[in-house]
Amino acid sequence: MLATVLFVLCYLALVQEMKCEPKIVYKMMNIECHTDPKYSTNASCRVKAINWNKAVANMDVDLVKPLRNISLHLQVFKKDFTNQYQPFLINVYMNICSILSRQNFLPYGVIFLKVAKTFSNFNHSCPYEGHLFARGVYLDEKFLPNNFPLGYYKVNFTIFETYPKILDYVGGVVGYVNAMEPIKIKKKNK
Ligand SMILES: *[C@@H]1O[C@H](CO)[C@@H](O)[C@H](O)[C@H]1NC(C)=O
Ligand SMILES: *[C@@H]1O[C@H](CO)[C@@H](O)[C@H](O)[C@H]1NC(C)=O
Ligand SMILES: *[C@@H]1O[C@H](CO)[C@@H](O)[C@H](O)[C@H]1NC(C)=O
Ligand SMILES: *[C@@H]1O[C@H](CO)[C@@H](O)[C@H](O)[C@H]1NC(C)=O
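FYI, in mature numbering (1 follows the signal peptide of the UniProt record, and there is no 0) the residues of the sequence shown are -20 to -1, 1 to 170.
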């Protein structure tokens, strides 16, 4: 009986600790945007440091013509011992428009949906037109299905228009992320 109570208390304490202190933070180090002038202009992508553990991305672009059927190619790379980026597990194509209209529920699609809803004005169904922006974008455990191993990652998002043609290059965003243990910020007791 006592053992059970102790076990439950320990378990709760553990859960509590995990909630208070994330084991891993995903700090955005840099971001690059590429666009094809046929589809967009005035692209801007910037990373702003908030503190040792957090940086956010701000992105803007003006579409020259509407995007009607958007495909996203998502590739993740992880730096190896020799400082080279190697493919890391994720290499998928998904149709953003069918995700936004809730026609499919792929795991990475759900992440995209959560991130778009939280940070951007492309939180609606297709087509996309005019000025698109995202503000204060960061990655967090709460957006991810599971934690990534510590290390440096390159996340490559390539966007294609698939209407009426198949895979016409629109642009891309490449993010560099450090999955790291949080740096404890010591408070001076003064
Ligand atoms: C790009 O920015 C310029 C200057 O702000 C603006 O006049 C122009 O309309 C923008 N282009 C598009 C396609 O919105
Ligand atoms: C989409 O984003 C805009 C701008 O941030 C916001 O005003 C609007 O309420 C959002 N719409 C939905 C459906 O979340
Ligand atoms: C991102 O992926 C696209 C399409 O596979 C490729 O053309 C581009 O070179 C990649 N960019 C980087 C920085 O890896
Ligand atoms: C939209 O794109 C998908 C591929 O992601 C394709 O199968 C479909 O035929 C396209 N629809 C239209 C109307 O172009």
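C-beta: ideal position from N, C-alpha, C; glycine also.
Every value quoted in this text rests on a predicted model; they were computed, and no experiment measured them.
Check each residue's C-beta against every heavy atom of ligand 3 and list, in chain order, those closer than 5 Å.
That gives Asn136, Thr138, Val154.
If you reduce the DSSP assignment to three classes, tell me which class Pro67 lands in.
It is a strand residue.
Compute the Euclidean distance between the alpha carbons of Lys94 and Ile163, then round it to the nearest angstrom.
Cα-Cα distance, rounded: 26 Å.
For Ala29, count the other beta carbons within 10 Å of its own beta carbon; 16 or more makes it buried, fewer makes it exposed. Which is it?
With fewer than 16 Cβ atoms within 10 Å of its Cβ, Ala29 is classed as exposed.
Taking Ser20 and Asp40 to be in contact with their CB atoms under 8 Å, please state how far apart those CB atoms are, rounded to whole angstroms.
Not confirmed; about 10 Å, so no contact.
Can you find a heavy atom of ligand 1 that lies under 6 Å from the Cβ of Thr21?
Correct: Thr21 has its Cβ closer than 6 Å to ligand 1.
Anyone know if the C-beta pair for Val150 and Phe137 falls short of 7 Å?
Result no, Cβ atoms of Val150 and Phe137 do not sit closer than 7 Å.
If you measure between the beta carbons of Phe113 and Asn103, is that distance less than 7 Å?
Result no, Cβ atoms of Phe113 and Asn103 do not sit closer than 7 Å.
Check whether the Cβ of Asn75 lies closer than 6 Å to any heavy atom of ligand 4, and answer yes or no.
Yes, the beta carbon of Asn75 sits closer than 6 Å to at least one heavy atom of ligand 4.
Cys(-11) to Lys3, Cα distance in whole Å?
Because the pLDDT of Cys(-11) is 48, which lies under 50, any placement of that residue in the model is unreliable, and the number read from its coordinates should be weighed accordingly. Taking the straight line joining both Cα atoms gives about 18 Å.
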